[in-house]
Amino acid sequence: MLDLKAIRENPEEIERRLKTRDPEVTLKPLLEKDERRRRILQEVEGLKHERNEASEEVARLKREGREEEAQTRIRELRALSERIKQLDDEVSRLEEEIRDILVRLPNLPHESVPVSFSKDDKVIVREHKERPELPFEPKHHLELAHERGLLDFPRAARIAGSRFPMYVGWGARLEMALIQFFWDFHCEKTGYIPVLPPYLGNPESMFTASQLPKFQDDVYYIERDELYLNPTAETLLCNLHRGEILNAEELPLKYMAYTACFRREAGAAGEEERGLIRVHQFNKVELFKFTTPETSFDELESLVKDAEAVLQALELHYRVALLPTGDMAAQSAKTYDLEVWIPSQKRYYEVSSCSNCTDYQARRGNIRYRPARGEKPRYVHTLNGSGLATSRLMVAILETFQEPDGRVRVPEALRDYLKTDVIPPR
RNA sequence: GGAGGGAUGUCCGAACGGUAAGGAGCCGGUCUCGAAAACCGGUACGGCCUUUACGGCCUUCGGGGUUCGAAUCCCCGUCCCUCCGCCA
Numbered sequence: 003m004l005d006l007k008a009i010r011e012n013p014e015e016i017e018r019r020l021k022t023r024d025p026e027v028t029l030k031p032l033l034e035k036d037e038r039r040r041r042i043l044q045e046v047e048g049l050k051h052e053r054n055e056a057s058e059e060v061a062r063l064k065r066e067g068r069e070e071e072a073q074t075r076i077r078e079l080r081a082l083s084e085r086i087k088q089l090d091d092e093v094s095r096l097e098e099e100i101r102d103i104l105v106r107l108p109n110l111p112h113e114s115v116p117v118s119f120s121k122d123d124k125v126i127v128r129e130h131k132e133r134p135e136l137p138f139e140p141k142h143h144l145e146l147a148h149e150r151g152l153l154d155f156p157r158a159a160r161i162a163g164s165r166f167p168m169y170v171g172w173g174a175r176l177e178m179a180l181i182q183f184f185w186d187f188h189c190e191k192t193g194y195i196p197v198l199p200p201y202l203g204n205p206e207s208m209f210t211a212s213q214l215p216k217f218q219d220d221v222y223y224i225e226r227d228e229l230y231l232n233p234t235a236e237t238l239l240c241n242l243h244r245g246e247i248l249n250a251e252e253l254p255l256k257y258m259a260y261t262a263c264f265r266r267e268a269g270a271a272g273e274e275e276r277g278l279i280r281v282h283q284f285n286k287v288e289l290f291k292f293t294t295p296e297t298s299f300d301e302l303e304s305l306v307k308d309a310e311a312v313l314q315a316l317e318l319h320y321r322v323a324l325l326p327t328g329d330m331a332a333q334s335a336k337t338y339d340l341e342v343w344i345p346s347q348k349r350y351y352e353v354s355s356c357s358n359c360t361d362y363q364a365r366r367g368n369i370r371y372r373p374a375r376g377e378k379p380r381y382v383h384t385l386n387g388s389g390l391a392t393s394r395l396m397v398a399i400l401e402t403f404q405e406p407d408g409r410v411r412v413p414e415a416l417r418d419y420l421k422t423d424v425i426p427p428r
């Protein structure tokens, strides 16, 4: 959510910047409603002042036993109270309308973000390692998994439905090893506080993270209990300090969580996304930071490095992309994607998305910090990044490290977890 | 799921429907070489409004209602506690 006061003070500039993400944006109706609201507010506050003084007078008259005079005064005050109620209602209606508009506006993009509506206009910032050239036609991960009995989609479909993965045997062991490796890595090497949060979130949490109101259809919803199934731990961690005022000294606060993530993925389907690429349930270790406004963009750079470090440890080829204005999530002011090479498709897939959401989520969730003793609280900045999503990583590992005979070499970093250096045939 | 009890500031804690006591803590001061103690003063976080003032309005978990006026009465909800039931 953007700062209404800032919009009021600088509407042209803000509208211009928002239009780099969504050309439809117009602030005019918002400003008109704001103007009206403030006018009525002034009137009603004046009337309330009047009422407060009159009420005090009634109390005094009653204390002094001047009952008749008090009754006369009370009769007079009825009309005033009626008017106040009318105006109050109008103010609340306007406030609701203003909020409705405000919560749907995206965040202001940072000036370093390339301006474009096409996702192809992302900027490749850097690459790691050479693109692996296999001396044979690489097999699709599903084929490898089938030969080795690593995944069982048909039976998962029996249990839950299509596009739910089921890991079996060495597949299950590899998935657990990846989770455990990411978890240990960030606990020990990058210093994030580990958290196992609830997997369900209430409407307020979804709203704060900006999952609502726009992405209602992308999340699973349990109507009976008014709870949403976690789509990404960003949503959960974002709410860890909702409504709090943090101390400046404790910032930046760095958290990490492992969760399963659930997404409806309505409408998504296609040959390219067969197998583990796009599923309703996947595992992810998420990184999340609460920082001061001054440091957030530096913290974004280090967050990206923390996520990259895991890919490097796994010896994978990847690149870092800076997303253009039109391709970022609404809450983000600046986003880097980490994209890993998938040999069978000869293309990159996103395995991590690292964003600085500045004060956008903080304002929605009223997450603040006090810069110094006695000073007014300010909104924190929130940052999130996957560190990483395991399901797509498994695809990359199976395909990148496959041998001509279909065996899969286990990267050094995972050997302690798997107790083998090659995934054998079943 | 059922029955009770509760939620007031940084903390504790009061308030016949009449406009948020008191204490601790914290901040400032007196005293002191300095500190402690004592004493004096300040202290409702926070938000909104513009005529930026010694200003006004809102704020007793949240949302509604009754009333001239609600921390207080009524309704709905959230969270916490106790008991019963169920249960990995």
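Counting with my numbering, you get residues 3 to 428 for the letters of the first sequence. All residues carry an ideal CB built from backbone N, CA and C; glycine is no exception.
Where residue i falls: helix, strand or coil (DSSP)
i: residue 358; result: strand
i: residue 262; result: strand
i: residue 333; result: coil
i: residue 248; result: strand
i: residue 88; result: helix
i: residue 276; result: coil
i: residue 231; result: strand
i: residue 434; result: Because the chain spans 3 through 428 in this model, residue 434 falls outside it and cannot be assessed.
i: residue 30; result: helix
i: residue 9; result: helix
i: residue 153; result: strand
i: residue 411; result: strand
i: residue 1; result: Because residue 1 is not part of the residues shown, which for the chain are 3 to 428, the question remains open.
i: residue 221; result: coil
i: residue 256; result: strand
i: residue 380; result: strand
i: residue 268; result: coil
i: residue 120; result: coil
i: residue 241; result: coil
i: residue 63; result: helix
i: residue 142; result: coil
i: residue 50; result: helix
i: residue 71; result: helix
i: residue 101; result: helix
Limits of the unbroken alpha helix (DSSP H) element including residue i
i: residue 387; result: That residue, residue 387, is in no alpha helix (DSSP H); its beta strand (DSSP E) goes 383 to 391.
i: residue 417; result: 414 to 420
N- and C-terminal bounds of the beta strand (DSSP E) containing residue i
i: residue 128; result: 125 to 130
i: residue 370; result: 370 to 372
DSSP beta-bridge partners of residue i
i: residue 19; result: Answer is none; residue 19 lacks a bridge partner.
i: residue 285; result: 262
i: residue 42; result: Answer is none; residue 42 lacks a bridge partner.
i: residue 115; result: According to DSSP, residue 115 bridges with nothing at all.
i: residue 344; result: 349
i: residue 80; result: DSSP output for residue 80 lists no bridge partner at all.
i: residue 404; result: 410
i: residue 425; result: 410
Secondary structure, beta strand (DSSP E): runs of 3+ residues fully inside the segment 155 to 212
195 to 197
Determine, using beta-carbon pairs with one atom in the segment 344 to 360 and one in the segment 384 to 391, whether at least three such pairs fall under 8 Å.
yes
Would the segment 237 to 247 count as touching the segment 120 to 136 if we require 3 or more Cβ pairs under 8 Å?
no
I'd like the ranges of any beta strand (DSSP E) spanning at least 3 consecutive residues and lying wholly in the segment 289 to 327.
320 to 324
Counting pairs of Cβ atoms below 8 Å between the segment 100 to 110 and the segment 327 to 344, do you hit three or more?
yes
Counting pairs of Cβ atoms below 8 Å between the segment 364 to 377 and the segment 109 to 123, do you hit three or more?
no
Contact between the segment 86 to 105 and the segment 278 to 297: three or more CB pairs below 8 Å?
no
Stretch pair the segment 259 to 267 + the segment 281 to 289: three plus CB contacts closer than 8 Å:
yes
For the segment 339 to 352 against the segment 134 to 141, do three or more pairs of beta-carbon atoms, one drawn from each stretch, fall closer than 8 Å, so that the two count as touching?
yes
Validate contact between the segment 214 to 222 and the segment 174 to 182 using beta carbons, cut 8 Å, 3 pairs:
no
With a cut-off of 8 Å, do at least 3 Cβ pairs link the segment 402 to 412 to the segment 143 to 152?
yes
Three or more C-beta pairs under 8 Å: does that hold for the segment 181 to 197 against the segment 249 to 260?
yes
Does the count of Cβ pairs from the segment 315 to 327 and the segment 117 to 126 closer than 8 Å reach three?
yes
Could you tell me whether the segment 11 to 26 touches the segment 67 to 74, where touching means 3 or more Cβ pairs closer than 8 Å?
no
Specify whether the segment 73 to 81 and the segment 52 to 65 touch according to this definition: at least 3 beta carbon pairs, one from each stretch, less than 8 Å apart.
yes
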